[in-house]
Amino acid sequence: MLPVLFIALSISAILCALGVVVSRNPIHSVLFLILTFFCISGHYILMNAQFLALVNIIVYAGAIMVLFLFVVMLLNLNKATEPHKSDMAKIAASITAGLLLMVMLGVIKGVSLPSFDGMMDSENGYVKNLGRVLFQDYLIPFELSSILFLAAMVGAVLLGKKNIEE
Amino acid sequence: MFDFLNNTGSIPIDYYLWLSGVLFCIGVMGVLLRRNVIIMLMSIELMLNSVNLLFVAFSTYLGDAKGQVFVFFIMLVAAAEVTVGLAILTMIYRNTKSVDIDFLKNLKG
Chain A
157 MLPVLFIALS ISAILCALGV VVSRNPIHSV LFLILTFFCI SGHYILMNAQ FLALVNIIVY
217 AGAIMVLFLF VVMLLNLNKA TEPHKSDMAK IAASITAGLL LMVMLGVIKG VSLPSFDGMM
277 DSENGYVKNL GRVLFQDYLI PFELSSILFL AAMVGAVLLG KKNIEE
Chain B
79 MFDFLNNTGS IPIDYYLWLS GVLFCIGVMG VLLRRNVIIM LMSIELMLNS VNLLFVAFST
139 YLGDAKGQVF VFFIMLVAAA EVTVGLAILT MIYRNTKSVD IDFLKNLKG
């Protein structure tokens, strides 16, 4: 059951990711990306990382993608008006990405990792254990990330304002 | 290759490496192939997510929760990045009426 789920989630994740890249309409890209995030959340659940699965759905599929969707709709880009690159550039981009893929897969193929059992019984991903690690070992980075968020929020508001001088 | 289908206990870590590599390369292809800035940002999100997947896989594999904490931080940074990126994008759109990356040559002189 578990391997079948893994294969199904992997294939749907890859297909949806390809859909993000190749679809002409930006709205379709956003929706494909949301589907990809759901597939990746499924992978997290398979690995018993329940907290991250939920955070992935809430933060990524919920907040970030809604932001993308708002921008696409506010800028009225929901039509396939993108002027396309020349065929030469497209071929060059595909070849570059394909070569990168070949290099990465070649490297991965050479790695021999010991097999292991009981991976899916791990309790690392539970909120209890993750919260303990987060608030004992990583308390300062956690607090600093709030400052990062504040800076990002102020920056976004400042950039989004029409006329700063007035 | 698919002999692990008979094994119901666990999935080899190699398969997560393959999947994550493929997803990352799709993201790279998106950045190289498209001219729309929004789709390039989405491809960057895709790359970040493939790395997150690998982080979680190895965290579970090694029995160490720190990897998942790092995934949490990557998500925070990605959210901040997208916020600022989309704000810059709306400003660019207001000035040039386009989200085409090829129009942004003003710094080239």
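Line by line, the protein sequences give chains A and B. Taking the numbering used here, the leading residue of the first sequence gets 157, the next gets one more, and so forth. Taking the numbering used here, the leading residue of the second sequence gets 79, the next gets one more, and so forth. The beta carbon of each residue, even a glycine, is placed where N, CA and C say it ideally should be. Keep in mind that this is a model prediction, so the values were computed, not measured.
Within the same chain, no Cβ atom closer than 6 Å to the Cβ of T138(B) is found once the five residues on either side in sequence are excluded. Per the coordinates, the alpha-carbon of I170(A) lies some 25 Å from the alpha-carbon of G163(B).
In terms of beta-carbon proximity, S242(A) stays away from the interface with chain B, with every pair separated by 8 Å or more. For K144(B), the closest Cβ of chain A is nearer than 8 Å. Here the segment 116-129 of chain B lies against the segment 154-174 of chain B, with 3 or more beta-carbon pairs under 8 Å apart. Cβ contact annotation for L131(B) (same chain, cutoff 6 Å, sequence separation greater than five): S98, in chain order. For V160(B), the enclosing alpha helix (DSSP H) has its first and last residue at 144-174. For the pair of segments examined, the segment 101-117 of chain B was found not to touch the segment 139-153 of chain B: the number of CB pairs separated by less than 8 Å stays below three. Between M221(A) and I190(A), the C-beta spacing is below 8 Å. Taking C-alpha positions only, I296(A) is separated from S242(A) by approximately 49 Å. With contacts defined by Cβ atoms closer than 8 Å, L269(A) and D142(B) do not form a contacting pair. Using a 10 angstroms sphere on the CB of G198(A), the tally of other CB atoms reaches 16 or more, which defines it as buried. With a threshold of 16 other beta carbon atoms within 10 Å, T161(B) meets it and is buried. Given a length threshold of 4 residues, each whole run of the alpha helix (DSSP H) inside the segment 159-213 of chain A is given here in chain order: 182-202, 206-211.
Under DSSP, the beta-bridge partners assigned to N114(B) are D178(B). Close to chain A, meaning a Cβ-Cβ distance shorter than 8 Å, are the following residues of the segment 109-121 of chain B: L110, L111, R112, R113, N114, I116, I117, L119, M120, S121. Contacts with chain B (Cβ-Cβ distance below 7 Å) from the segment 218-230 of chain A involve A219, I220, L223, F224, V227, V228, listed in chain order. Here T174(B) is exposed. Its C-beta has fewer than 16 other C-beta atoms within 10 Å. The C-beta of G281(A) comes closer than 8 Å to at least one C-beta of chain B.
Chain-order list of chain B residues neighbouring F193(A): N127, by C-beta distance under 8 Å.
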